[in-house]
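As numbered in the working numbering, residues 2 to 137 make up the sequence shown, in order.
Each residue gets a CB set at the ideal place from its N, CA and C atoms; glycine is no exception.
Nothing here was measured: the structure is a model prediction, and the numbers come from that model.
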Amino acid sequence: MFEISKNLSISIGEIDLSAIRSQGAGGQNVNKVATAIHLRFDIMASSLPDRYKDRLLQLRDRRITSEGIVIIKSQEHRSQERNRAEAFDRLRSLILSVAVVVLPRKLRTPSRGQDRRRLEEKKRRSQVKTLRKIIE
2 MFEISKNLSI SIGEIDLSAI RSQGAGGQNV NKVATAIHLR FDIMASSLPD
52 RYKDRLLQLR DRRITSEGIV IIKSQEHRSQ ERNRAEAFDR LRSLILSVAV
102 VVLPRKLRTP SRGQDRRRLE EKKRRSQVKT LRKIIE
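Structural data, given as structure tokens:
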């Protein structure tokens with residue numbers, strides 16, 4: 002089981018992992034060893050709750066294809082194990098990003114007392130700056 006949070010986990014079988022050769026610098030190690038990890042996760046076929054699926058599909062993220070498949074490629078590290086852990090961390094953070102519902106900000110008007118105090122402070126600051134001027 003892949004644990005996302007205390008209350009949420011998915012089966013490892015729902016995640017498709019494949020090892021591929023890394024790109025970039027690294028000498029002969031890059032040419033010999035498949036250290037990069039290619040993670041694929043099908044949102045619709047997963048056991049995630051429906052609200053998570055809906056929010057993931059609504060995300061405007063380049064890692065999510067139009068078919069609803071999350072594709073994560075990790076190749077920063079030289080070892081396959083560290084790249085696998087990195088890919089799982091990225092998937093976990095992507096799913097947790099839709100777990101929190103951001104409520105819209107409620108607009109309000111300041112009270113009369115707040116408005117009065119703000120204006121009094123502005124007058125006080127203005128007087129301080131006026132007294133600093135050199136009178137010729």
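#1: Taking 8 Å as the cut-off, does the stretch 73-86 touch the stretch 119-135 (at least 3 CB pairs, one atom from each stretch)?
#2: Within the same chain, show all residues whose beta-carbon is closer than 6 Å to that of M45, passing over the 5 residues directly before and after it, in chain order.
#3: Which residues in the same chain as L58 place their Cβ atom closer than 7 Å to its Cβ, once the five residues preceding and following it in sequence are excluded?
#4: For I1, count neighbouring C-beta atoms within 10 Å of its own C-beta (all shown protein chains included) and say buried if the count is 16 or more, exposed if not.
#5: Output yes or no for whether 8 Å exceeds the beta carbon distance between I96 and Y53.
#6: According to DSSP, is V71 helix, strand or coil?
#7: Please classify Q24 as buried or exposed, where buried requires at least 16 neighbouring CB atoms within 10 angstroms.
#8: What residues in its chain sit with their C-beta under 6 Å from that of R91, if we drop five residues either side in the sequence?
#9: If you count every other CB in all the chains shown that lies within 10 Å of the CB of V103, and 16 or more means buried, which is it?
#10: Starting from the Cα of N8, find the closest Cα among L49, E87 and R41 and give me that residue.
So, to answer that:
#1: no
#2: G69
#3: I44 and G69
#4: Residue 1 cannot be examined here, being either before or after the span of the chain that is shown, 2 to 137.
#5: yes
#6: strand
#7: exposed
#8: I73
#9: exposed
#10: L49
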